Amino acid sequence: MIIAVIYFIHVIFIVYAFAKSYQSDGWLQAFLNIGFIITLFAVSLTVCELIVGIFIPDAGYTLKMPGNQVLLFFMKISGFYSQQGTQITLTPKDSITLVCVTLLEFFFYRFYFKRTEAARTV
């Protein structure tokens, strides 16, 4: 679930960046921005996955099933939950990687688009 939301946020941002670039700079710059965003996403996803992989194993964490139904509900909707009998396996590596990528991109694009707007007005 978390992964789908993050990908959806990226798609919305790509459409926003395309529309804003098209209005101010034209078709060529809009398509170049899309290529830049996709390339930066792919590279930052690879780097963040390597870094997160140091701390979180691919197999995830195995726990006993909690007795608290509220906690079990939140584990189920988290998106990285799988149950085998009374054992629960949590595999949060992909979700944490995408959260790190999103935070990294947020600060980068905030700086990048402010800088390009300031350069354009001068």
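Residue numbers -19 to 102, in our numbering, belong to the letters of the sequence shown in order.
The beta carbon of each residue, even a glycine, is placed where N, CA and C say it ideally should be.
Every value quoted in this text rests on a predicted model; they were computed, and no experiment measured them.
- In this structure, Ile68 lies near Leu43, with their beta-carbon atoms less than 8 Å apart.
- In the structure shown, Thr26 adopts helical secondary structure according to DSSP, grouped into three states.
- Here Phe60 has Leu70, Thr71, Pro72, Ser75 as same chain residues with Cβ atoms under 6 Å from its own Cβ, once five neighbours each way along the sequence are excluded.
- Taking 4 residues as the minimum length, the alpha helix (DSSP H) runs contained wholly in the region 0 to 82 are 7 to 35, 49 to 58, in order along the chain.
- A residue is called buried once 16 or more other Cβ atoms fall within 10 Å of its Cβ, and Phe91, having fewer, is exposed.
- The C-alpha of Met55 lies about 35 Å from the C-alpha of Ile14.
- Closest in alpha carbon position to Gln64, among Gln49, Met45, Val79, is Met45.
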